[in-house]
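Colleague:
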Amino acid sequence: MSGSMQIADDMGFRVELERPPARIVSLVPSWTETLFALAFSSEVVGVTKFCVEPSQRLRRFQRSAGTKNPDIAAIVKLEPEAGDCKR
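Heads up, my numbering is the position in the sequence shown plus 54, with the first residue counted as 1.
1) Alpha carbon to alpha carbon, how far is A128 from S118?
2) In its own chain, which residues sit with a C-beta less than 8 Å from the C-beta of F94, not counting the 5 before and 5 after it?
3) Leaving out five residues on either side along the sequence, give the residues of the same chain with a beta carbon under 6 Å from the beta carbon of E107.
4) Could you check whether V101 and L92 sit closer than 8 Å to each other, using their CB atoms as the reference points?
5) Do the CB positions of T121 and L81 come within less than 8 Å of each other?
6) Distance check for L132 and P75, CA to CA, integer angstroms please.
7) Along the chain, where does the beta strand (DSSP E) containing V130 start, and where does it finish?
8) Using only the alpha-carbon positions, how far apart do K149 and Q110 sit?
Written out as structure tokens, the structure is:
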């Protein structure tokens with residue numbers, strides 16, 4: 055993937071990214087599964103302790119807290135790409 059991309063969720067919230075993210079920390083189990091299903095596994099650098107699928111592929115990840123109580127210090131250490139996004 056290259057170039058800018060615009061993403062919208064089911065509620066209509068739109069985010070335009072200058073480029074696709076290269077380092078992703080997934081804080082929601084269903085999003086983690088979706089990232090792997092859409093072949094973005096190489097971009098994922100962190101998941102929560104509640105992310106369990108795809109189980110074989112998630113074994114390599116260090117787990118941190120959960121969706122409602124994210125460990126910000128652990129997330130920062132993973133150096134996720136904040137991205138240059140426009141709202």
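All C-beta atoms in this analysis are idealised placements derived from N, C-alpha and C, irrespective of residue type, glycine included.
Modeller: Quick answer:
1) 7 Å
2) I78
3) E87
4) no
5) yes
6) Computed Cα separation, rounded: 14 Å.
7) Careful: V130 lies outside any beta strand (DSSP E), inside the alpha helix (DSSP H) at I126 to K131.
8) Here the chain comprises residues numbered 55 to 141, so residue 149 is not present and cannot be evaluated.
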